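Quick notes on the structure that follows.
In this note's numbering, the protein residues as written are 16 to 136.
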């Protein structure tokens with residue numbers, strides 16, 4: 016019984032600390048919604064990764080304009096409709112449904128590849 020109380024108290028403490036810090040310390044969508052609307056949370060939102068962005072997020076993002084999938088080099092459209100991901104406010108298109116997971120493993124690397132592909136075209 017004492018252990019259950021201790022674990023519950025620790026979780027409450029962690030949750031309170033997370034809410035105090037806002038969305039910065041919590042997984043996407045689990046922070047305090049009021050903090051998510053603040054200017055500092057808006058700045059941190061620019062570094063967030065969205066592997067399955069909503070139409071609203073897609074409309075707000077800056078389209079990189081890559082012509083090839085940064086994860087495997089496949090020409091976009093060769094495997095059907097491209098899949099969109101957003102990282103640091105930049106919309107990157109991928110060739111298939113399997114690529115967002117790979118993109119999420121190293122988003123900085125793949126964003127740089129997508130931007131280089133745009134510059135090369």
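All C-beta atoms in this analysis are idealised placements derived from N, C-alpha and C, irrespective of residue type, glycine included.
In this text, all values refer to a predicted model and were calculated from it rather than measured experimentally.
So, for residue i: in the same chain, excluding its five sequence neighbours on each side, which residues have a beta-carbon less than 6 Å away from its beta-carbon?
{"i": "residue 102", "result": "64, 122, 126"}
{"i": "residue 66", "result": "100, 115, 119"}
Quick one: grab the DSSP three-state call for residue i.
{"i": "residue 116", "result": "helix"}
{"i": "residue 82", "result": "coil"}
{"i": "residue 130", "result": "helix"}
{"i": "residue 76", "result": "coil"}
{"i": "residue 124", "result": "helix"}
Among the options, whose alpha-carbon lies nearest the alpha-carbon of residue i?
{"i": "residue 94", "options": "109, 69, 132, 100", "result": "109"}
{"i": "residue 132", "options": "85, 98, 117", "result": "85"}
{"i": "residue 100", "options": "88, 115, 71, 91", "result": "115"}
{"i": "residue 113", "options": "72, 68, 87, 73", "result": "87"}
Is it right to say residue i is buried, meaning 16 or more other beta carbons lie within 10 angstroms of its own, or is it exposed?
{"i": "residue 83", "result": "buried"}
{"i": "residue 129", "result": "buried"}
{"i": "residue 70", "result": "exposed"}
{"i": "residue 76", "result": "buried"}
Can you find the residues in the same chain that come closer than 8 Å, C-beta to C-beta, to residue i, ignoring five residues on each side of it along the sequence?
{"i": "residue 107", "result": "79, 81, 85, 99, 100, 101, 118, 125, 126, 129"}
{"i": "residue 68", "result": "76, 99, 100, 101, 106"}
{"i": "residue 72", "result": "65, 101"}
Give me, in chain order, the residues of the same chain whose beta-carbon lies closer than 7 Å to that of residue i; leave out the 5 immediate sequence neighbours on both sides.
{"i": "residue 105", "result": "76, 77, 79, 126"}
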